[in-house]
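The next block holds one structure in the form of structure tokens; read it before the comments.
Structure representation (structure tokens):
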């Protein structure tokens, strides 16, 4: 909602969402992945979305209720960091929500925000399914050595020490870490440059 980049990353930048009598048709990214993005509603990729709360909430309601999602195994919602209107509205609009996954980076300031998100979900009685640590190093394309650009292991440590991360004794599972993939970055840039 704030800086939609999913369309760029998934290769449908510049394509507009289409509708039918049954609802909004999501973009077919692959045989097992469909997506929608606010980028499909704006005129140009560098146009800012300057929307106040009511417009953002209306867009969320439309994406959740009017898109022809089909039978989903998972619905992944990339929301802005923090515990503001968007995550709260999503939690309220999906009463059958089975859980949330916290995506963090290894730096202390990101982990602080992640702790708040864990407590936010717990206050809403939504299970925390796991923690993913993003940008957990960079694999050197020349020697193959892992370089800790922003530290690493913060997500794993936070999940292991429940008292540090969640303030109580419930289990939070460290799901996995993602290193920065320089080749994927190049592929995204080159795919969208043509």
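Residue numbers (the UniProt record's numbering): 1 to 194.
Every residue, glycine too, gets a C-beta built ideally from N, C-alpha and C.
Can you round the beta-carbon distance between residue i and residue j to whole angstroms, since I take them to be within the 8 Å contact cut?
i, j, result
"residue 91", "residue 126", "6 Å"
"residue 134", "residue 175", "Not quite, the Cβ-Cβ distance comes to about 11 Å (not below 8 Å), so this is no contact."
"residue 4", "residue 37", "5 Å"
"residue 159", "residue 150", "That pair is no contact at about 18 Å."
"residue 154", "residue 129", "Incorrect: roughly 18 Å between the Cβ atoms, too far for contact."
"residue 22", "residue 39", "Not confirmed; about 23 Å, so no contact."
"residue 86", "residue 121", "14 Å between Cβ atoms; not a contact."
"residue 77", "residue 141", "With 8 Å as the limit, residue 77 and residue 141 do not qualify as a contact, their Cβ atoms being about 32 Å apart."
Are residue i and residue j closer than 8 Å when you measure CB to CB?
i, j, result
"residue 55", "residue 17", "no"
"residue 118", "residue 102", "yes"
"residue 75", "residue 35", "no"
"residue 57", "residue 89", "yes"
Since residue i is in the beta strand (DSSP E), which residue starts that stretch and which ends it?
i, result
"residue 24", "23-25"
"residue 18", "18-20"
"residue 86", "Residue 86 -> not in any beta strand (DSSP E); alpha helix (DSSP H) instead, spanning 85-93."
"residue 175", "174-177"
"residue 104", "100-104"
"residue 158", "Counting along the chain, residue 158 falls outside any beta strand (DSSP E), though it belongs to the alpha helix (DSSP H) covering 154-160."
"residue 130", "128-133"
"residue 33", "33-35"
Identify, in the order they occur along the chain, each residue of the same chain with its Cβ nearer than 6 Å to the Cβ of residue i, setting aside the five sequence neighbours on each side.
i, result
"residue 93", "64"
"residue 148", "137"
"residue 204", "This structure cannot speak to residue 204, because the chain is shown only from 1 to 194."
"residue 144", "none"
Identify, in the order they occur along the chain, each residue of the same chain with its Cβ nearer than 8 Å to the Cβ of residue i, setting aside the five sequence neighbours on each side.
i, result
"residue 62", "24"
"residue 194", "Model confidence at residue 194 stands at a pLDDT of 43, short of 50, so the residue's coordinates are unreliable; what they give is reported in the following sentence. Nothing meets the Cβ criterion."
Residues in its own chain within less than 7 Å of residue i by CB, not counting five upstream and five downstream?
i, result
"residue 97", "91, 126"
"residue 136", "106, 152, 177, 178, 179"
"residue 139", "146, 179"
"residue 7", "13, 37, 39, 40"
"residue 15", "27, 40"
"residue 111", "104, 154, 158"
With respect to the alpha helix (DSSP H) encompassing residue i, which residues constitute its N-terminal and C-terminal limits?
i, result
"residue 118", "108-123"
"residue 6", "6-10"
"residue 75", "Premise fails: residue 75 is in no alpha helix (DSSP H) and is neither H nor E."
*Would you call the segment 68-82 and the segment 42-54 in contact, with 3 or more CB pairs under 8 Å?*
no
*When the Cβ atoms of the segment 16-30 are set against those of the segment 67-74, are three or more pairs found closer than 8 Å?*
yes
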